[in-house]
Amino acid sequence: MMQFILLSVFLICSGCASMFEKSAAKSLQYDFIMVTNVNIIDVENGLNTEKQTVLIKNNKIKKIMDASDIEQPANTLLIDGNGLYLMPGLFDMHVHISGKNELPLFIYNGVTTVRNMWGTGNMAKLFGIPNQLELKKEIADGTLPGPEIFTAGTPLDNDSFVMTSIKTRSDAEKLVLDHKKNGYDFIKVYDYLSYDNYKDILEFANKNQIPVYGHVPKSVNINQAITLGQKSIEHITGFLDYDKVELLVPESDIPAIAKLMKEKKVCVCPTIIMANNRKFMFDEAFYGKNHQSFMTKFMDFFSLMPIKIEVFSKYNNKDGIPYNIAAANLMKKTVKVLKDNGVSIVAGSDSGNPNVLAGFSLIDELFLLKEAGLSNLEVLQSATIEAAKCMGISDRKGKVKENFDADLILLKNNPLTDIENIKSIKGVFVRGKWYAMDDDRDLK
2 MMQFILLSVF
12 LICSGCASMF
22 EKSAAKSLQY
32 DFIMVTNVNI
42 IDVENGLNTE
52 KQTVLIKNNK
62 IKKIMDASDI
72 EQPANTLLID
82 GNGLYLMPGL
92 FDMHVHISGK
102 NELPLFIYNG
112 VTTVRNMWGT
122 GNMAKLFGIP
132 NQLELKKEIA
142 DGTLPGPEIF
152 TAGTPLDNDS
162 FVMTSIKTRS
172 DAEKLVLDHK
182 KNGYDFIKVY
192 DYLSYDNYKD
202 ILEFANKNQI
212 PVYGHVPKSV
222 NINQAITLGQ
232 KSIEHITGFL
242 DYDKVELLVP
252 ESDIPAIAKL
262 MKEKKVCVCP
272 TIIMANNRKF
282 MFDEAFYGKN
292 HQSFMTKFMD
302 FFSLMPIKIE
312 VFSKYNNKDG
322 IPYNIAAANL
332 MKKTVKVLKD
342 NGVSIVAGSD
352 SGNPNVLAGF
362 SLIDELFLLK
372 EAGLSNLEVL
382 QSATIEAAKC
392 MGISDRKGKV
402 KENFDADLIL
412 LKNNPLTDIE
422 NIKSIKGVFV
432 RGKWYAMDDD
442 RDLK
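Everything in the sequence shown is counted per this note's numbering, starting at 2 for the first residue and increasing by one.
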């Protein structure tokens, strides 16, 4: 982990974005990119198809053919895939983008799509966080290197300085319509909404076809959240009591809840890494003094909230380390039970928090999902095909397939046999641009 932190600092300080653009500029000189004689990983069924050639044009996979049947168009950049593995780019389904310097770190780790959970608001303004819709547009236009962004506006809560407060039914309707009008991709709900306010938000969101993701409020039980139409459950809220580190529902009830979740197509984004990394919160070797300073400011900011977030105020200290270890272990246990009962698990890091690093922490989350008991294939699915289904974009993302987006990772080793191989990145395709890395994982 320490080498990841040092590397992330190096990348930011060395002008990572400009290096990425230099790498991608070469591929833009060509009409086509062809990856020859490569192994293609099918994340749907766990198969590895050998000796394939993949033709990319612009942002799309134009053709996949047997390596013996190569049809090379003129002006094609050839990439030798012999002995390498091609798989879909990764999703990070729970991020908080705090600045442009973070964006290349996602690409560096093979993350080509992110779901940003906090787009605007007082907290964003206080920390100078850029407008997420503007970042989304710059990336889509090709003027800024980064993953494709899907973003919420300000989370909806009750009596909050840092979020948008909902008091009435008309508030709920107006804010849902504003989200849709302004171009946000979804609505995020938070902990302290009243049941009536929450119900109103879901009613208007469903009516206007904008999905609702986020926390299950404390006033709402998990069955109500699923039935009313929340499509993604963050941090396993609704299932866990984080203060007591215990289940809110009997484990014997989970099969019935899981059945309802499958019927309603609801996914769970655990973010185990958030609790796991809090045990390093006061470790100077892990963070360094500057990061600790930021953490303190972050904690002070949460103390301004009229309703305190108890986990931040109570457990983010040295005495809270055993609590955080216990919470991470309970999360892993619950993830395994949910997965065994057929619930869609999607990978997210909660990056942007003081103890979670962009890009790198998504990889760490995959390893924690493996520790929870998921198979290598299930772990890969959580950050590819399951994430795409959860977002409603599985018709263009999450597979290496003709006419799908050319968001891809080229690996030196097979992650189906060892999930650690997800780090063996040779290069990344983002919207058809090729970002090559040498054997030491420095950008070319």
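Ideal placement from N, C-alpha and C gives every residue a C-beta, glycine not left out. Here the structure is a predicted model, which means the values were calculated and not measured.
Name, in chain order, the residues that DSSP records as bridge partners for residue i.
i      : result
Cys270 : Glu235
Met118 : DSSP lists no partner for Met118.
Gln53  : Val39 and Asp67
Ala359 : Note: Ala359 sits in no beta bridge, so no partner.
Gly428 : Leu411 and Ala437
Asp242 : Glu247
Lys58  : Lys61
Tyr214 : Lys189 and Ser233
Ile346 : Val269
Ser352 : Val96 and Asn354
Ser166 : Asp158
Phe33  : Thr77
Asp406 : Lys61
Val112 : Leu91
Leu48  : Asp43
Quick check on this structure: which residue in the options has the alpha carbon closest to the alpha carbon of residue i?
i      : options                           : result
Leu134 : Arg279, Leu339 and Lys181         : Lys181
Ile202 : Asn224, Asn159, Gly184 and Asp242 : Asn159
Lys168 : Asn183, Leu194, Pro156 and Lys265 : Leu194
Lys52  : Lys200, Val36 and Asn46           : Val36
Asp419 : Thr385, Gly393 and Glu379         : Glu379
Leu241 : Lys219, Thr228 and Thr165         : Lys219
Lys402 : Gly393, Ser161, Pro89 and Gly428  : Pro89
Ala25  : Ala153, Ile108, Gly399 and Lys265 : Ile108
Ser69  : Thr77, Asn415 and Asn83           : Asn83
Ala153 : Glu247, Leu56, Val177 and Gly393  : Val177
Ser166 : Asp192, Lys390, Arg279 and Ser350 : Asp192
Glu252 : Lys137, Leu339 and Glu372         : Leu339
Asn49  : Leu87, Ile346 and Glu421          : Leu87
Lys413 : Lys27, Gln30, Val39 and Ser28     : Val39
Glu421 : Ser376, Ala389 and Asp81          : Ser376
Gly120 : Asp67, Thr114 and Asn132          : Asn132
Arg279 : Leu29, Tyr324 and Tyr196          : Tyr324
Ala329 : Lys424, Asn224, Pro271 and Asp81  : Pro271
Val250 : Gln231, Met66 and Gln225          : Gln225
Lys333 : Ile211, Asp67, Ser395 and Val269  : Val269
Asp244 : Leu106, Leu331, Ala173 and Asn183 : Leu331
Lys200 : Ala257, Leu29 and Leu229          : Leu229
Met118 : Lys390, Pro146 and Thr155         : Thr155
Ala173 : Gly184, Val163, Asp186 and Tyr196 : Tyr196
What is the residue span of the beta strand (DSSP E) that residue i lies within?
i      : result
Asp93  : Leu91 to Val96
Phe151 : Glu149 to Thr152
Ile108 : Ile108 -> not in any beta strand (DSSP E); alpha helix (DSSP H) instead, spanning Leu104 to Tyr109.
Leu78  : Thr77 to Asp81
Using a beta-carbon distance below 8 Å, is residue i in contact with chain D?
i      : result
Val221 : Protein chains in the displayed structure number just one, and chain D is not present.
Check for me: the alpha helix (DSSP H) holding residue i runs from which residue to which?
i      : result
Thr335 : Ile322 to Asp341
Ile258 : Ile255 to Lys265
Tyr130 : The amino acid occupying residue 130 in the given sequence is Ile; Tyr does not appear at that position. Careful: Ile130 lies outside any alpha helix (DSSP H) and carries neither H nor E.
Ile386 : Ile386 to Met392
Ile202 : Tyr196 to Lys208
Asp172 : Arg170 to Asn183
Glu379 : Asn377 to Ser383
Inspect the beta-carbon positions of residue i and residue j and report whether they are closer than 8 Å.
i      : j      : result
Ala259 : Val336 : no
Leu104 : Pro148 : yes
Thr385 : Gly374 : no
His95  : Arg116 : yes
Lys189 : Leu157 : yes
Leu85  : Leu411 : yes
Ile227 : Lys265 : yes
Asn110 : Phe361 : yes
Leu56  : Phe33  : yes
Glu387 : Ile346 : yes
Ser352 : Leu370 : no
Ile255 : Asn342 : yes
Ile130 : Ser161 : no
Met392 : Phe151 : yes
Lys101 : Leu29  : no
Problem - Touching by the beta-carbon criterion (3+ pairs, under 8 Å), the region 356-375 and the region 270-279 - result: yes
Handout entry: Three-pair Cβ contact test at 8 Å for the region 228-241 versus the region 201-215
Key = Yes, since at least three Cβ pairs between the region 228-241 and the region 201-215 fall closer than 8 Å, the two stretches touch.
Problem - contact_flag[the region 403-412, the region 56-69] where n(CB pairs < 8 Å) is 3 or more - result: Cβ pair count under 8 Å is three or more, so yes.
Practice task
Report yes or no: do the region 361-378 and the region 71-90 share at least 3 C-beta pairs separated by less than 8 Å?
Solution key: no
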